[in-house]
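First comes the structure, then the notes that go with it.
Chains as they are written, first to last, in this note's numbering: chain R, 2 to 219; chain C, 2 to 219.
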């Protein structure tokens with residue numbers, strides 16, 4: 002099992018602020034995400050500028066695309082994205098169209114799991130060659146006080162057994178990571194708890210230490 | 002029953018081109034949409050510039066928001082949007098947060114129906130005060146050859162009976178509008194078939210004539 006990566010989500014409404022936040026921890030993270038909020042706020046230039054500033058990092062365009070897969074994938078892969086997200090209830094035709102573009106850039110599509118989805122549906126994503134999923138405890142759901150549950154963990158574990166590389170996000174702290182032990186997590190994704198920490202480098206290192214502690218034997 | 006409105010969707014990857022297309026038919030349409038593609042490409046300034054150019058039109062920000070309802074609603078309502086879309090599988094907490102912002106601008110939230118959703122879930126949207134839904138025959142689904150079906154029409158009719166003002170979109174032609182007769186459609190949404198028509202004004206007028214023909218008695 003590969004050790005999980007650390008991903009920073011930039012969910013700013015302003016690209017300059019996003020780049021400043023990235024600068025605080027880039028050296029300690031593997032993956033940098035142009036968050037949905039940032040994409041809505043600043044458009045595709047956000048992807049371009051983040052890739053330009055961090056050409057050696059994996060760059061995610063978190064569009065949560067629901068339609069027009071080819072057009073929107075071209076928007077972001079042409080600007081340096083390595084991975085792009087589709088929302089789980091996007092039509093398969095959308096995911097396939099996005100994947101076709103991703104393939105030409107050696108990129109990947111990630112399915113973002115929100116609301117109603119099923120393992121039967123997830124099997125279809127594997128069938129069309131999509132192997133990454135993001136299990137998301139939504140920001141609004143987290144704010145409403147919902148915590149990581151056994152059900153969450155079981156679902157993530159099952160997705161891993163199906164063959165998905167699952168990224169996990171939503172108000173994660175380093176001490177939460179042991180919950181996911183034994184699961185082939187692709188990335189742990191964190192945002193404000195990294196760049197709004199008093200010491201962002203120390204915050205990122207605490208995540209990486211927790212990753213090493215829990216995936217040390219593998 | 003109010004007569005349906007005509008909405009133009011601007012799904013360009015370039016704001017200048019979008020504004021040029023809007024200029025071809027604005028005088029004949031009621032609602033102008035900053036499409037998801039345009040928002041991903043150009044960010045929230047697309048909403049601001051469309052509103053600036055057409056301050057008397059209803060402006061839709063078609064974000065298909067899935068999370069962070071308050072933040073993204075503020076992004077677009079503060080720039081002149083009147084309506085904003087959430088994706089149907091967004092958590093209720095996200096929809097509620099977006100609606101709270103919309104209310105402060107006398108704006109409205111529209112739920113965009115993609116993939117798996119249920120009438121039970123739709124009833125919850127009504128409970129939180131969201132009364133608009135968009136029935137979307139996806140662009141990729143349409144390209145894959147799926148046409149309007151009896152099932153589509155029955156679902157739209159049922160949403161209307163529940164109390165939704167339903168907008169309808171996805172490869173519509175004026176001759177399709179009779180399919181929706183008797184249903185309280187909020188808007189018929191069209192994009193390229195308006196602004197890429199040889200005579201965009203004539204194309205818009207053909208839609209409006211079809212609306213009058215089919216909703217004439219009401």
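Cβ atoms here follow ideal geometry from the backbone N, Cα and C, with glycine treated the same way.
Using DSSP's beta-bridge definition, name the partner residues of residue 8 of chain R. Answer is R:32, R:190.
Roughly how many angstroms lie between the CA atoms of residue 129 of chain R and residue 217 of chain C, to the nearest whole one? Approximately 47 Å between the Cα atoms of the pair.
For residue 182 of chain R, which residues of its own chain have a beta-carbon under 6 Å away from its beta-carbon, when the five flanking residues on both sides are left out? By the criterion of a C-beta distance shorter than 6 Å, residue 182 of chain R is surrounded in its chain by 215, once the five residues flanking it on both sides are discounted.
What did DSSP end up calling residue 184 of chain C once you bin it into helix, strand or coil? coil
If we count the other Cβ atoms within 10 Å of its Cβ and call it buried at 16 or more, is residue 213 of chain R buried or exposed? exposed
Is the segment 195-211 of chain C close to the segment 144-163 of chain C, with three or more CB pairs under 8 Å? The way I'd put it, the segment 195-211 of chain C doesn't touch the segment 144-163 of chain C; fewer than three beta-carbon pairs between them come closer than 8 Å.
Starting from the Cα of residue 46 of chain C, find the closest Cα among C:27, C:15, C:22, C:71 and give me that residue. Measuring from the Cα of residue 46 of chain C, the nearest candidate turns out to be C:15.
Neighbour flag for residue 73 of chain R against chain C, beta carbons, 7 Å: yes
Taking the beta strand (DSSP E) that residue 137 of chain C belongs to, which residues open and close that run? 133-137
Residue 205 of chain C vs residue 26 of chain C beta-carbon contact at 7 Å: The answer is yes: Cβ separation under 7 Å.
Element boundaries [alpha helix (DSSP H), containing residue 128 of chain R]: In the DSSP annotation of this structure, the continuous segment of the alpha helix (DSSP H) that includes residue 128 of chain R starts and ends at 120-128.
Could you give the DSSP three-state label for residue 43 of chain C: helix, strand or coil? Here residue 43 of chain C sits in helix by DSSP.
Starting from the beta carbon of residue 200 of chain R, find every residue of chain C whose beta carbon is closer than 7 Å, and list them in chain order. Within 7 Å Cβ-Cβ: nothing; residue 200 of chain R doesn't reach chain C, min ~25 Å.
Under 7 Å between the Cβ atoms of residue 7 of chain C and residue 165 of chain C? no
Cβ atoms of residue 64 of chain R and residue 106 of chain C: under 7 Å apart, would you say? No, they are not a contact pair.
Closer than 7 Å by C-beta to residue 202 of chain R: which residues in its own chain qualify, once you throw out the five before and the five after it? Chain order, please. 26, 29
Interface residues of the segment 113-140 of chain C facing chain R [CB-CB below 9 Å]: 113, 115, 116, 117, 118, 119, 122, 137, 139, 140
Kindly confirm or deny that the segment 175-191 of chain C and the segment 117-131 of chain C touch, where touching means at least three C-beta pairs closer than 8 Å. no
To the nearest angstrom, report how far apart residue 52 of chain R and residue 101 of chain C are at their CA atoms. 35 Å
Does the beta carbon of residue 17 of chain R come closer than 7 Å to any beta carbon on chain C? no
Beta bridge counterpart(s) of residue 61 of chain C as assigned by DSSP: Residue pairing for residue 61 of chain C: DSSP places it in a beta bridge opposite C:34, C:84.
State whether the segment 92-99 of chain C contacts the segment 67-82 of chain C, with contact taken as three or more CB pairs (one from each stretch) at a distance under 8 Å. yes
What is the C-beta distance between residue 117 of chain C and residue 117 of chain R, in whole angstroms, given that I count them as a contact (C-beta under 8 Å)? 5 Å
CA-to-CA distance, residue 31 of chain C to residue 154 of chain R, given in whole angstroms: 48 Å
How close, in whole Å, do the beta carbons of residue 61 of chain C and residue 34 of chain C come, if the pair is a contact with beta carbons under 8 Å? 4 Å
Output yes if chain R places a C-beta closer than 7 Å to the C-beta of residue 87 of chain C; else output no. By this cut-off, residue 87 of chain C is not an interface position.
Closest to residue 169 of chain C by C-alpha separation, out of C:134, C:38, C:152, would be which residue? The shortest C-alpha to C-alpha distance from residue 169 of chain C to any of C:134, C:38, C:152 is the one to C:134.
Smallest Cα separation from residue 48 of chain R: which of R:68, R:70, R:17, R:69? R:17
Residue range of the unbroken alpha helix (DSSP H) whose run includes residue 22 of chain R: 16-26
Members of the segment 40-62 of chain R near chain C, C-beta cut-off 9 Å: 40, 41, 42, 43, 44, 45, 46, 47, 62
Using alpha carbons as the reference points, say which of R:2, R:10, R:59 lies closest to residue 191 of chain R. For the set R:2, R:10, R:59, the Cα lying nearest the Cα of residue 191 of chain R is the one of R:10.
Given residue 167 of chain C, which residues of its chain have a CB within under 8 Å of its CB, disregarding the five upstream and five downstream residues? Cβ within range, chain order: 133, 134, 135, 136, 157, 160, 161, 184, 185, 186, 187.
Taking 7 Å as the CB-CB cut-off, is residue 217 of chain R touching chain C? no
What do you get for residue 78 of chain C, buried or exposed, if any count of 16 or more other CB atoms within 10 angstroms of its CB means buried? Burial is judged here by how many other beta carbons sit within 10 angstroms of a residue's own beta carbon; residue 78 of chain C has at least 16 and is buried.
Hey, could you find the ends of the alpha helix (DSSP H) residue 1 of chain R is sitting in? An answer regarding residue 1 of chain R cannot be provided, because it is not within the stretch 2 to 219 covered by chain R.
By the 10 Å Cβ neighbour count, where 16 or more other Cβ atoms means buried, how is residue 85 of chain C classified, buried or exposed? buried
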